[in-house]
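Here is the structure we will look at, set down as structure tokens.
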Amino acid sequence: MTRRGFLAGAASCALFAPGPLHAAGVPARIVSLDYGLAETLLALGVTPVALAQADAWSSWVVDPALPEGVINLGTALEANMELLQALRPDLILTTPYLARLRPMLERIARTETFAIYTPGGGTPYGLSIAATRRLGGLLGRDLQAEALISSAAALMATTRATLAPYADTPLFIVNFMDTRHVRVYGAKSLFDDVIGLCGLSNAWRGDTNYWGFATVGIEQLAHAPQARLIYLEPIAADVLASLHRSPLWNSLGFVRAGQVQRLPAVLMFGMLPSAMRFARLLGETLPKAPSHG
Amino acid sequence: MGERQRLGPAAIVALLALAAAAITLSTLALRLPVTLWPDALFAPDSGDVRQMLVRYSFAPRLATSLLCGAALGLAGALLQLALRNPLASPTTLGISAGANLALALAMLWAPGLLEFGREWIAMAGGLVTVLIVLALSWHKRLSPLTVVLAGMVVSLYCGALAALLVLFNTHYLAGLFIWGGGSLSQQDWTIAAFLWPRLALALGAAALLVRPLTLLTLDDDHARSLGLRVPLVRLAALALAVALTGAVVGTVGVIGFIGLAAPALVTVAGARRVAPRLIWSALLGAVLLWFTDQCVQRLAGDAGEMLPTGAITAVFGSPLLLWLLPRLRLSLHLPSGLGGSISRANRPLLLIVGLGLGLVVLLTLSVSVGRGLEGWSLSADLLEWRWPRALAALSAGIMLACAGGVLQRLTGNPMASPEVLGVSAGAAFGLIVAMFTLAEVGRGAQFGAATLGAFLALLAILAFGRGGAATPERVLLAGVALGAMFDALVTALMAGGDPRAAQLLNWMTGSTYAVDATDARVATAAAALALGSLPLLARWLDIVPLGALTSSAIGLHPRRSHGLLLLVTAALTAVSTLLIGPLTFVGLMAPHLARFLGLQRALPQLVGAALIGGVIMVAADWLGRIVAFPWQIPAGLAATFIGCPALMWLLARRHSV
Chain F
1 MTRRGFLAGA
11 ASCALFAPGP
21 LHAAGVPARI
31 VSLDYGLAET
41 LLALGVTPVA
51 LAQADAWSSW
61 VVDPALPEGV
71 INLGTALEAN
81 MELLQALRPD
91 LILTTPYLAR
101 LRPMLERIAR
111 TETFAIYTPG
121 GGTPYGLSIA
131 ATRRLGGLLG
141 RDLQAEALIS
151 SAAALMATTR
161 ATLAPYADTP
171 LFIVNFMDTR
181 HVRVYGAKSL
191 FDDVIGLCGL
201 SNAWRGDTNY
211 WGFATVGIEQ
221 LAHAPQARLI
231 YLEPIAADVL
241 ASLHRSPLWN
251 SLGFVRAGQV
261 QRLPAVLMFG
271 MLPSAMRFAR
281 LLGETLPKAP
291 SHG
Chain H
294 MGERQRLGPA
304 AIVALLALAA
314 AAITLSTLAL
324 RLPVTLWPDA
334 LFAPDSGDVR
344 QMLVRYSFAP
354 RLATSLLCGA
364 ALGLAGALLQ
374 LALRNPLASP
384 TTLGISAGAN
394 LALALAMLWA
404 PGLLEFGREW
414 IAMAGGLVTV
424 LIVLALSWHK
434 RLSPLTVVLA
444 GMVVSLYCGA
454 LAALLVLFNT
464 HYLAGLFIWG
474 GGSLSQQDWT
484 IAAFLWPRLA
494 LALGAAALLV
504 RPLTLLTLDD
514 DHARSLGLRV
524 PLVRLAALAL
534 AVALTGAVVG
544 TVGVIGFIGL
554 AAPALVTVAG
564 ARRVAPRLIW
574 SALLGAVLLW
584 FTDQCVQRLA
594 GDAGEMLPTG
604 AITAVFGSPL
614 LLWLLPRLRL
624 SLHLPSGLGG
634 SISRANRPLL
644 LIVGLGLGLV
654 VLLTLSVSVG
664 RGLEGWSLSA
674 DLLEWRWPRA
684 LAALSAGIML
694 ACAGGVLQRL
704 TGNPMASPEV
714 LGVSAGAAFG
724 LIVAMFTLAE
734 VGRGAQFGAA
744 TLGAFLALLA
754 ILAFGRGGAA
764 TPERVLLAGV
774 ALGAMFDALV
784 TALMAGGDPR
794 AAQLLNWMTG
804 STYAVDATDA
814 RVATAAAALA
824 LGSLPLLARW
834 LDIVPLGALT
844 SSAIGLHPRR
854 SHGLLLLVTA
864 ALTAVSTLLI
874 GPLTFVGLMA
884 PHLARFLGLQ
894 RALPQLVGAA
904 LIGGVIMVAA
914 DWLGRIVAFP
924 WQIPAGLAAT
934 FIGCPALMWL
944 LARRHSV
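Line by line, the protein sequences give chains F and H.
Under our numbering, residue 293 is the last one in the first sequence; the count climbs by one each step, no gaps.
Under our numbering, residue 950 is the last one in the second sequence; the count climbs by one each step, no gaps.
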């Protein structure tokens, strides 16, 4: 079994990593326990061997698609150690959220922790830049990392220019949890950072946890009547119909002004690629709304 | 019962209503100037957010709290009357858990169904579970304790399934946490409009049932001789209660304890006849929920952070129930099967040796057989990952089984076990307090906090059970109350989306995943110690039930041996709860299975139970690891999946005895 495992591993190495070009000592078989780190890997041109919760990638990250053959490790909080060991990774990427696993992971391979969403200081976008640089250094892909960082900055700048006419309308960014509650993204969220970089402002001024969101009843959105509401997929089947029947919902400023827009799913706990995807979607979507007045 | 001067149900309702009204008015005054109230309520200015919020959020929320409370109070009273069971309620009969599970399943695999309305899905789920509960206890003629036991087992099973779904799909089912917490937050009148005609209809139907239910308060034979079709009346009342509960849990979610506390409080306050009990239960339920919800809104404040009312009612409700307990008139009989005698095994030693051999075989299988990318394999190179888990599971199983056996013997209560009596919940509670107050919680601190929690819970339970006759039912009810309080706390944490809550859920489901070699060694040592001290414990246990006089005549200090037994039980529970969470039913099941195999005397029963507990947990850990590869089902949950059916089978089977 181990021999076959090794062969399978070797095959995937040959497929995904430009082996001969690699300097010695650069890890080739990489495992990620976090979506944000995995999407950054992909953006740097590296395909992870395995990923926690790989099966739900297409519902939460969507773009870029996960290349075929990435092995699913089960849930992140309980990634399958036996499977992980059989895969013989060179490097495991994880987050402080999974700190409990670290001693076990270190028995298998070199383990690197990247802190993006933590109670500590810094904003997700800034921390993502630092993490991307560090990841590029670890993988011998400094150039690709710098390219990713500057293309993200460039995209933010162009989006800022595109969205200049909308600069004075604050935005609510929400996920509908059910027919009565939303998860609203505020300070310390990736979306909040992107909104700021694109010259827009966040309508949610309330408290958020260190993942950057608060779970509140929909009526809490009434306090910023001049705002615009952007909701992200996925959304349960009965939510919209039930909202349309609600007088309170219909009386909210952004509903009356027709300033409610739907966005495809974007990873809320992601890194630079998700930030870019969010900015791109905002740039495409906001101008489609009816103009002011 | 002493004839002290008591508040009647009317006075209680009036007092609570007054308090609730005061809070309501003062909150409303903060939200909107008094002069605008009539405008807001009758002709709101849609441009004024404050008026719209009062008209479409504050007012319907108030109405919904009243309606839901009344519906649950009525449902609880109907269930208690129909089953002649003061412990019956939507929560204890598994109706809420079934509704919760049905909704989770629909969200994952049939999202299209949601368009028909969440309430229908919830109602169907509640109906299925209550039918299962009744089927399981049918042969015992729905004896009260059997019904509640079956209800708890089915609840647990549904809860385990729902937890598993949430664990594997945390992102998708985030909404379920809110729903499970019973948030009353409203944006329009649809829920109130949905509920009130149903409540009115149910009240009408209940009025028709008053006479038959009155006859039912006699015993079955009397009622039958008066021409009452007992099963029919029971089923009608049950169906009504399920419909009421389904309507509530489907629209706002699980609201704990109102359905149990309101009717019980009304009975204690002196309502005896059927009609007043129904009416006052509904009214008291309404004002209870109204009062609670206003307090919750006040607590949450304008920031509006998530505080689900349903979870909070359970936190408020549990102490209330504990207070009620000594005041409840409980004249119940034990389910004949569980307490009854069983033929003794001819060769207990042979049986125990057989069990031990089985355990060894299973342990070997568990560390050597697993799944990988290429399918099944028999290999030894993954041993380092497997042995700590297997040993930890084994030790936890042994310790829980011992704790359960000791408790059952000590209290003379066939239903006693660390899980049922809330001792596990106490341990878990201690751990949570440590987790959220201390920055860094090492294993030592965890063990200390858990033991303290378990011991306090055990003391509380026994204190409440004492005084007058410590009937098994009272002790049981106190345990249920503690367990529900702990559950509610976790639900409240989950609903807010605190990331620590996901880790909490992970631990609660009894995962052996993160057990390391040191943990496993300590656990094994503790289990060995427990096994070693069994002969000593067993000597006491054979004597203690004989009564204080006999035991002191034999030379045992009853107080001291009693206290020591309790301490041992608490410590055993704490260690095993740390390892496999508070949710397994191993401590309840294993001693029963041992007895069922014919091990009667204290020592053989305890040893047999320990071995059976070990077998169940090792099997659970192993199966959990391989069944859903690469996903892993936590051992605690897997044990529930194995143990619950075993317990149900026991329940359903013993009717012939």
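Cβ atoms here follow ideal geometry from the backbone N, Cα and C, with glycine treated the same way.
Chain F contact residues for Glu-408/H, given Cβ-Cβ distances below 8 Å: Ala-237, Asp-238 and Ala-241
Within the 8 Å Cβ cut-off, does Met-708/H reach chain F? no
Out of Leu-286/F, Arg-280/F and Ala-289/F, which one is the CA nearest neighbour of Ala-153/F? Arg-280/F
Nearest-angstrom Cα separation, counted from Met-156/F out to Ala-596/H: Unreliable positioning characterises Ala-596/H in this predicted model, as indicated by a pLDDT of 46, which lies under 50. A coordinate reading is not provided.
By alpha-carbon positions, which one of Leu-267/F, Ala-164/F, Phe-213/F and Ser-274/F ends up nearest to Ser-59/F? Leu-267/F
Measure the Cβ-Cβ separation of Leu-488/H and Leu-360/H and say whether it is below 8 Å. yes
For Val-174/F, which residues from the same chain have a beta carbon less than 6 Å from its beta carbon, with the 5 sequence-adjacent residues on both sides left out? Val-182, Val-184 and Tyr-231
What separation, rounded to the nearest whole angstrom, lies between the Cα atoms of Ala-275/F and Phe-254/F? 24 Å
Of all Cβ atoms in chain F, is any one closer than 8 Å to the Cβ of Asp-481/H? yes
For chain F, is any of its Cβ atoms less than 8 Å away from the one on Leu-782/H? no
Short of 8 Å in beta carbon distance, which residues of its chain neighbour Gly-649/H, apart from the five on each side in sequence? Order them along the chain. Leu-904
Nearest-angstrom beta carbon gap, Ala-685/H and Ala-363/H [assumed within contact, 8 Å]: With 8 Å as the limit, Ala-363/H and Ala-685/H do not qualify as a contact, their Cβ atoms being about 48 Å apart.
From which residue to which residue does the beta strand (DSSP E) around Trp-402/H run? Here Trp-402/H belongs to no beta strand (DSSP E); instead the alpha helix (DSSP H) covers 388-402.
Let me check you understand the geometry: is the CB of Pro-234/F closer than 7 Å to at least one non-hydrogen atom of the ligand PLP? As far as ligands go, the structure on display features none, and thus does not contain the ligand PLP.
By the DSSP assignment, the alpha helix (DSSP H) with Thr-384/H in it spans what residues? Neither: Thr-384/H is in no alpha helix (DSSP H) and is coded neither H nor E.
Would you give the residue range spanned by the alpha helix (DSSP H) that Phe-729/H belongs to? 716-730
Between the Cα of Ala-781/H and the Cα atoms of Val-535/H, Leu-700/H, Ser-476/H and Arg-377/H, which residue gives the shortest distance? Ser-476/H
Own chain, CB closer than 6 Å to Leu-127/F, minus 5 neighbours either side, in chain order: Ile-116
Closer than 9 Å at the beta carbon, the chain F residues around Val-342/H: Ala-222, His-223, Pro-225, Ser-251, Leu-252 and Gly-253
Can you give the beta carbon distance from Val-547/H to Asn-393/H, rounded, assuming they're within the 8 Å contact cut? 6 Å
Would you tell me roughly how many angstroms separate the C-alpha atoms of Ala-777/H and Gly-929/H, rounded to the nearest one? 18 Å
Under the DSSP definition of a beta bridge, which residues are partnered with Arg-262/F? Tyr-231/F
Can you tell me the Cα-Cα spacing of Ile-935/H and Val-535/H, whole angstroms? 28 Å
Report the residues of the segment 890-919 of chain H with a CB closer than 9 Å to any CB of chain F, ordered along the chain. Arg-918
Per-residue contacts from Thr-75/F into chain H (C-beta, under 7 Å): Leu-460, Phe-461 and Trp-924
Looking only at its own chain, which residues have a Cβ that is under 6 Å from the Cβ of Ser-448/H, when we skip the five neighbours before and after it? Gly-387 and Ala-390
Taking the alpha-carbon positions, what's the Ala-810/H to Pro-103/F distance? 12 Å
Just to check my reading of the structure: Ala-109/F and Leu-91/F have Cβ atoms closer than 8 Å, yes? What is that Cβ distance to the nearest angstrom? 6 Å
With 8 Å as the C-beta to C-beta threshold (strictly closer), list the residues of the segment 265-283 of chain F near chain H in chain order. none
From the DSSP secondary-structure annotation, give me the bridge partner or partners of Arg-183/F. Asn-175/F and Thr-215/F
Residues bridged to Ala-50/F (per DSSP): Val-31/F and Ile-71/F
Output, in chain order, the set of chain H residues within a Cβ distance shorter than 7 Å of Arg-100/F. Ala-807
Could you check whether the Cβ of Pro-490/H sits closer than 8 Å to any Cβ belonging to chain F? no
Anything in chain F within Cβ reach of Tyr-349/H, meaning under 9 Å, just list it in chain order. Glu-219, Ser-246, Pro-247, Leu-248, Trp-249 and Ser-251
With Leu-105/F as the anchor, note down where its alpha helix (DSSP H) starts and where it stops. 102-108
With the cut-off set at 8 Å, would you say Ala-743/H and Leu-714/H are in Cβ contact? no
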